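This report refers to the structure that appears directly beneath it.
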Amino acid sequence: YYEEYDWCERIKQAGYEIWYYGASTVYHKESVSTGQDSPLKIYYLTRNRLLFARRNYPAWRSALAFLYFGLVAVPKNTLQWFLKGRKDLAMAFLKGFWWNLTHKAKPRENRN
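Going by this note's numbering, the first residue of the sequence shown is number 76, and it counts up by one from there.
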């Protein structure tokens, strides 16, 4: 849940390039460990998306991500899930957002 983006950012920061080969085929069983529409999946996607922004974006851009989440994504998604009777998904989303408000983003270790 956002690991691929994080790996790509680390690779770019280390001075390498990310290449795309369109003819390649990758087989991936999505959400095998957490389930397709599980609260655990929603929690990790939400938490890690914001954590990625905090670790990799300048402060102003990270602040924009939080503003968007707080003013648009949180109300929209929680209302949508509550209306569908999926309180569990709404609460997981809120929990992932709250985690980022209450935890510091640890700086990356230098692994060179």
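Idealized CB from N, CA, C, for every residue including glycine.
From a predicted model like this one, the values you see are computed outputs, not experimental measurements.
Outcome for residue i when other beta-carbon atoms lying within 10 angstroms are tallied against a minimum of 16
i, result
"Pro150", "exposed"
"Thr100", "exposed"
"Phe157", "exposed"
"Ile117", "buried"
"Tyr95", "exposed"
"Tyr143", "exposed"
"Ala89", "exposed"
"Leu139", "exposed"
"Thr177", "exposed"
Span of the alpha helix (DSSP H), counted from its first residue to its last, around residue i
i, result
"Arg224", "Any question about residue 224 goes unanswered here, given that the chain covers just 76 to 187."
"Trp141", "Before going further, note that residue 141 is Phe rather than Trp in the sequence given. Phe141 -> alpha helix (DSSP H) spans 134-143."
"Gln88", "78-88"
"Lys116", "114-131"
C-alpha gap between residue i and residue j, whole angstroms
i, j, result
"Gly97", "Arg136", "30 angstroms"
"Asp81", "Gly160", "33 angstroms"
"Tyr119", "Tyr76", "6 angstroms"
"Asp163", "Lys181", "28 angstroms"
The region 170-177 in contact with the region 123-131 per 3-pair CB rule at 8 angstroms: Yes, the region 170-177 touches the region 123-131.
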